[in-house]
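Participant: Below you'll find the structure I mean.
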Amino acid sequence: EAQVTQNPRYLITVTGKKLTVTCSQNMNHEYMSWYRQDPGLGLRQIYYSMNVEVTDKGDVPEGYKVSRKEKRNFPLILESPSPNQTSLYFCASSFVGGGNTGELFFGEGSRLTVL
Amino acid sequence: GEDVEQSLFLSVREGDSSVINCTYTDSSSTYLYWYKQEPGAGLQLLTYIFSNMDMKQDQRLTVLLNKKDKHLSLRIADTQTGDSAIYFCAETNTDKLIFGTGTRLQVFP
C-alpha cells in the first residue's frame, strides 16, 4: 500500500530535550516536505527536499533541522524544543514539487506537545 | 507575498449544497487545489483546476475559478455527513504549495 508513515504519532516532551520525528514514503517520490498545522494559521511549510541531499527552508524553519540521506526518509529534528513548537506536524511527498498536478501525499500527522 | 484566505467555518444541513470560498493573491498561480482533511488524518487531494479553466466538475464537486478576482470556490452538491471535514485551498506556481487557513465544514442532520 502506497503511504507516508510518520512516527511517533503522539509525543509529549520537555523543553530542551532533542527529538526526531521520522517520515518514510514507499512511493519513490523525489519531493518531500514538512508542515506544521496550527489553529487559524493553516499549514505552514517548515522544510522541503527536492531530492537526496537537497533540502531547502520553507516559511517557518527556525528551530528545526532536516536531512535527506535516502530517497525514502526525511526526518524532522528539533534540537532544543520549545513550547512554541507544540503543534501538529505533517510529512508529505510527491513526484514533483506539488505543482503541475503533482499530488501531495500526506502522512497521518504527529501531534507534539512541548512542556 | 503569496497569501491564501478562507473563512474558518461553514455549517450546512444534510442534503443541501455547500460552497466553500477561497481568495488568493498570486496571479501567476498555475494550479489551484482543494484538499480535504478528515478528523485525525492527513490531507488528501480532492480536486484541482488549471488556471486557464473557469470551471471543473467531478461528480458532486464543482470548482469555480474567477481569475480576475482571484477567487476560487468549491461547491459540494447534496452534502452528506461524511463530507464533514476541514477543506484547504492551495495555490502553486513553482515547487511549493501555499495553503489557506482551512474551512471547517460541519454537516448536521
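Protein chains in written order, with this note's numbering: chain W, 15 to 129; chain E, 5 to 113.
Where is the CB? At the ideal position from N, CA and C, for every residue including glycine.
First and last residue of the beta strand (DSSP E) that includes Asn70 (chain E)?
Facilitator: Per DSSP, Asn70 (chain E) belongs to the beta strand (DSSP E) from Leu65 to Asn70.
Participant: Since Leu12 (chain E) contacts Thr107 (chain E) with CB under 8 Å, what's their CB separation in whole angstroms?
Facilitator: Their Cβ separation, rounded to whole angstroms, is 6 Å, which keeps Leu12 (chain E) and Thr107 (chain E) in contact under 8 Å.
Participant: Quick one: Cα of Ser107 (chain W) to Cα of Pro89 (chain W), how far?
Facilitator: Each residue's Cα considered, the two are about 13 Å apart.
Participant: Run the CB neighbour count on Arg17 (chain E), radius 10 Å, all protein chains shown included, and call it buried at 16 or more, exposed below.
Facilitator: Arg17 (chain E) comes out exposed.
Participant: Checking 8 Å against the spacing of the C-beta atoms, do Gly46 (chain E) and Phe109 (chain W) come in under that value?
Facilitator: No, the pair does not count as a contact, with Cβ atoms beyond the cut-off.
Participant: Would you decide whether Ser32 (chain E) is buried or exposed? Buried here means 16 or more other CB atoms lie within 10 Å of its CB.
Facilitator: Answer is exposed; the Cβ neighbour count stays below 16.
Participant: Any idea if Ala16 (chain W) is buried or exposed, counting beta-carbon neighbours within 10 angstroms, 16 or more meaning buried?
Facilitator: Classification of Ala16 (chain W): exposed, given that the 10 Å Cβ count is below 16.
Participant: State the Cα-Cα distance for the pair Val128 (chain W) and Lys71 (chain E), rounded to the nearest angstrom.
Facilitator: Rounded to the nearest angstrom, the two C-alpha atoms are 42 Å apart.
Participant: Does the Cβ-Cβ distance between Gln51 (chain W) and Val18 (chain W) come in under 8 Å?
Facilitator: No.
Participant: With distances taken between CB atoms, is the gap from Leu36 (chain E) to Ile53 (chain E) smaller than 8 Å?
Facilitator: Contact: yes.
Participant: For Thr85 (chain E), does the three-state DSSP call read helix, strand or coil?
Facilitator: Thr85 (chain E) falls in the helix class under three-state DSSP.
Participant: What distance in whole Å lies between the Cβ atoms of Tyr45 (chain W) and Tyr62 (chain W), which are believed to be in contact at a cut-off of 8 Å?
Facilitator: Correct: roughly 7 Å between the Cβ atoms.
Participant: For the beta strand (DSSP E) holding Thr175 (chain W), just list the boundary residues, first then last.
Facilitator: Since the first and last residues shown for chain W are 15 and 129, residue 175 (chain W) lies out of range.
Participant: Return the CA-CA distance between Thr51 (chain E) and Arg86 (chain W), expressed in angstroms with no decimal places.
Facilitator: Each residue's Cα considered, the two are about 26 Å apart.
Participant: Among W:Leu33, W:Pro53, W:Arg23 and W:Gly72, which one has its Cα closest to the Cα of Ser96 (chain W)?
Facilitator: Answer by Cα proximity: W:Leu33.
Participant: Counting only the same chain and skipping the five closest in sequence on each side, list residues whose C-beta sits under 6 Å from that of Lys83 (chain W).
Facilitator: Here the set comprises nothing.
Participant: Taking the straight line between their C-alpha atoms, what separation do you get for Val67 (chain E) and Arg23 (chain W)?
Facilitator: In a straight line, the C-alpha of Val67 (chain E) is about 33 Å away from that of Arg23 (chain W).
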